[in-house]
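What follows is a set of notes on a single structure, which appears directly below.
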Amino acid sequence: MSGSEKRSNLTRRGLLKATGATVGAAALIGGGVLRALGPDEGAFAEEPEDQTKCRVGCCWTCVYCQYEAHVRDGKIVKLSPIEGGSPRGSRMCLRGRSRMRAVYNPNRILYPMKRAGERGEGNWERISWDEAISTIASKWKSYREEFGPRSIAYYWGSGNCAALGSGNFGGLLGRLANVLEMTMVDYCTDMALGYGMARVAGDGMFRNGASLIGNADKVVMWGCNFVDAWWQHWWPLADAMEKGSTRLIVVDPNYSTTASKANMWVSNRPGSDPALLLGIMNYIVENDLHNKEFLLNHSNASFLIRQDTKKILRASDLGILSKEKGDSSVENVSEILDSPIVWDEQSQTTVAYDAAVSPALSGERLVHGIPVKTAFDMLCDELGKYSLERTSELTEVSVDDIRKLAIEESEGEIWNIAGYASQAYDNGAEFGQALATLAILTGTVGRAGSCVGGSWYSFNTNPAFMAPTGTFVNTVPVLSMTDIMDSGQYAGEDYPIKSLFVAAANPMSSGGSSNEILEWWNKIDFIVVSDLQYSDSVKYADIVLPCAHALEVEDVLKGSYYPYVGITEKAVESPAEAKSDSDIARLISVEMGVGEYFEKTDEEYLRELVDESELGLERGITLDRLRVEKDICYDETDIKFYGGVFPTETGRANIYCETVVPRIDWGQELDPDFGHVPTFSLPNEAWPRGEVAKKYPFTLMSHRLRTRWHTGEFENEWMREIAPEPIVKINPSDAIARSIEDNSYVELFNERGHAVVRAIYADDIRPGVLIYPKGWQQCEFKEGGFSEMTSAHCNPFTVNTSFMDVAADIRPWGQGE
Ligand code: SF4
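No gaps in the numbering here: position 197 of the sequence shown is 197 in UniProt numbering, and each next residue is one more.
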């Protein structure tokens, strides 16, 4: 049985009819119509008597829109925006509208199966659930007995991030991994931005709730394409732009759809974003445009930094004992233990940072024989390397445009919004750190009109639910798996991994360098994958479990662009023998002898997850309320870091990061002087130089399609009608120089792999860049696949996959060796 040979003959007309869409096909495909995919009248037509509707939503890591499922005779006949226009679900995109196609995919996995033949051949034999579970349990028991609990690894992705799903919340499969003390594999994806920003803010910096965006005078978007990728995010901004209250500036190497709506578009060299930010900050400081009041009161800019150790000068360095809380007998020492010290201009002496009347922003001196300078000066030392001219040389942005950007960044209320593209290089954390530092330098954070960051709201569920035995499993980064499989060791401890369980994830396609992944997969004795469809990862499994679609279970979603929690109701029954993640966890738990931790019903677990979560307890959010209200916005005017207060030791932002710890620490070699202030390191490959530039002169970038979300539900024939096969976009000047014709098949290649796809001429792509859409599976390529060419190399601090940090070349298909 092959996963994707058969294709449905449903037409685009079928899509438009079924979704009630009234927009023209050209508008659906093209990128130039501002509201092409907006809400439509037909969606709210009166429901036929035999049709019911319920509230559902997208559970993958997009923006968690809610919408309505219309059900007739036990089948979903339509998905439509929420009647009444809830801001949380009135603008679903094509992917959401057509999502039920995955439920009715003719190639859907419906039964448990075991491999028949070699891994990768795609031959399967149907088995019963009893056989599947008893096989898994007997293998796992023997591995545990011989090699210990860490011998079983669990890889979870973002395919289903609802509370009971196995994605971000963890769900019952996460609970199972904890109870069995398995090895948790960190998927190392899209982590650099939050990690870099946390160096400054003490926590990942996230932007304000979307309803506030009209308070910004301007939005500066970095490597982010709202219109195509995050449709729901785009609308509040589009509304604000239409009202004329907000302008948009886009920084993106390529002329994206979002760039086409912008008041200003800046095309920079891929991987140069940190350098551009440093150049902007340098101009701001050199021209005295920085916000001194904010720096002094809301950051550690005035803290004195020891030049011998690069640590903050503290009270203990001056022989001052820390003041006990409430002790008024000691002056000039804060109640923070071992207080940071500043130079007070008024008293002309060193004092605790919060006791200074007039702290100095700049200055270099000897204190008790220790050479010190302010954190602000440390930052300026680095910024000073990025003159307009040098920044222009590095970024390929004109001096004029850098100056304009710097002036824009220093005036008015600003939302600096980051997508995931700018952080998808080895210097991704440097981008996050620099962007956050810019906001501190200009004081544009902590107000309705000013914020900085990505777009994620977390809803931390009850930790006791995830680890009822009190044990949180050990985490290893997927990027270390090659070494772990070779050595059986991680961080100096034994990790003799013999089995891998994959749920809500497709690492073979979504990870870095699929050929490398395949190498370490092939060293694992026994692989189990739970999925809906024949993904690239399923191909290499030994046992496949058919999981339920999110539209087939009741669950709870978090918001990402608004602070809300919403319900996603069970719209229909699962077909054939597909089972929910929760039921799969229950079945395995009983066979593994830990069934007592999985005895409650889904409803009881949802109550535990929601009612007893921090947010639930604080804001009175319960499952019962969600069932009635469907979605609850828990903070209509959510302002991140309100008033400039940050979750750090001092409550201030760190423009100087005293201790730079890696995102995941396994004792890797690290430069102790790196990362105290934002800096710029060259990308690994996306800056072709030397021999690499001769062999692979192009930077291979990726972007998100309107018709696909990662590889989730790639078996969506309606979306495949609009985007039928993978392509690569190339600037015509590059194509002509290589005798590549428009719409012809080409081979992309580098030392890790290749992909054969159609080349499409595109003037909106920078010369020297190739850009491909994400989310395709091996079976959709003529040969190879994009995931073969991505890299598993990573920055040792960030431990994140650098998806855009890829060098490649291109030639007409058939001209290779
Ligand atoms: S795919 Fe994303 S933007 Fe589209 S409906 Fe789902 S959550 Fe919303």
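Glycine included, every Cβ here is placed at the ideal spot set by N, Cα and C.
- Positions of the beta strand (DSSP E) runs, each at least 3 residues long and wholly inside the region 180–230, are given as 183–186 and 218–222 in order along the chain.
- Using a cutoff of 7 Å, the CB of Y64 counts as near ligand 1, since one of the ligand's heavy atoms is closer than that.
- Contact between G566 and D631 is confirmed by a C-beta separation of about 4 Å, below the 8 Å threshold.
- Shown here for T707: same chain residues with a beta carbon closer than 7 Å to its own, the five before and five after excluded, namely L94, R95, M719, I722 and A723 in chain order.
- When DSSP states are grouped into helix, strand and coil, E751 belongs to the coil group.
- Between G446 and F147, the C-beta gap is not smaller than 8 Å, which leaves the two residues out of contact.
- By the Cβ criterion, the region 741–752 is not in contact with the region 500–509, since fewer than three pairs of Cβ atoms, one from each stretch, lie closer than 8 Å.
- L405 is positioned such that its CB atom lies no closer than 8 Å to that of A792.
- For D400, the enclosing alpha helix (DSSP H) starts and ends at V399 to E409.
- Check the Cα spacing between D381 and each of A548, A436, N282 and E685: the tightest is with N282.
- By the Cβ rule, the region 763–771 does not count as touching the region 370–390, because fewer than three pairs are nearer than 8 Å.
- Secondary structure at A355: helix, using DSSP grouped into helix, strand and coil.
- In the assembly as shown, P106 is an exposed residue. Its beta-carbon has fewer than 16 other beta-carbons within 10 Å.
- Membership of E430 in the alpha helix (DSSP H) is indicated by the continuous run G428 to T442.
- By the neighbour-count criterion, in which a residue is buried when 16 or more other Cβ atoms sit within 10 angstroms of its Cβ, N716 is buried.
- For the pair R119 and Y540, the Cα-to-Cα distance works out to about 5 Å.
- Counting only the Cα atoms, D400 lies some 21 Å from L441.
- Within the region 752–795, the runs of alpha helix (DSSP H) that reach at least 4 residues and sit entirely inside it are, in chain order, 786–789.
- The continuous alpha helix (DSSP H) containing M378 extends over residues A375 to L383.
- Straight across, the Cα-Cα distance linking S128 with P546 is about 11 Å.
- Counting along the chain, the unbroken alpha helix (DSSP H) around S134 starts and ends at W129 to F147.
- CA-CA distance, K558 to R811, rounds to 45 Å.
- Beta-bridge partners assigned by DSSP to C65: none are found.
- If you compare the alpha carbons of M481, S499, G492 and Y490 with that of E516, the shortest gap goes to M481.
- Look at F465 here: in three-state DSSP terms it is helix.
- F294 and R55 have their C-alpha atoms some 44 Å from each other.
- Residue environment analysis places P672 among the exposed positions, since fewer than 16 neighbouring C-beta atoms fall within 10 angstroms of its C-beta.
- When distances are taken from the beta-carbon of R704 to the heavy atoms of ligand 1, even the shortest one reaches 7 Å or more.
- For G57, the uninterrupted beta strand (DSSP E) run begins and ends at Q51 to G57, by DSSP.
- Per DSSP, V799 is not a residue of any alpha helix (DSSP H), being assigned neither H nor E.
- In this model, D273 and K114 are separated by some 47 Å (Cα to Cα).
- Our two residues, A229 and M182, have alpha carbons roughly 34 Å apart in a direct line.
- When secondary structure is reduced to three states using DSSP, F714 falls in the coil class, being assigned neither helix nor strand.
- Apart from the 5 residues on each side of it in sequence, A262 sits with its Cβ closer than 7 Å to the Cβ of L248, I249 and V250 in its chain, given in chain order.
- Between the C-alpha atoms of D308 and V367 there is a straight-line separation of about 12 Å.
- Within the model, the alpha-carbon separation for S260 versus P253 is close to 13 Å.
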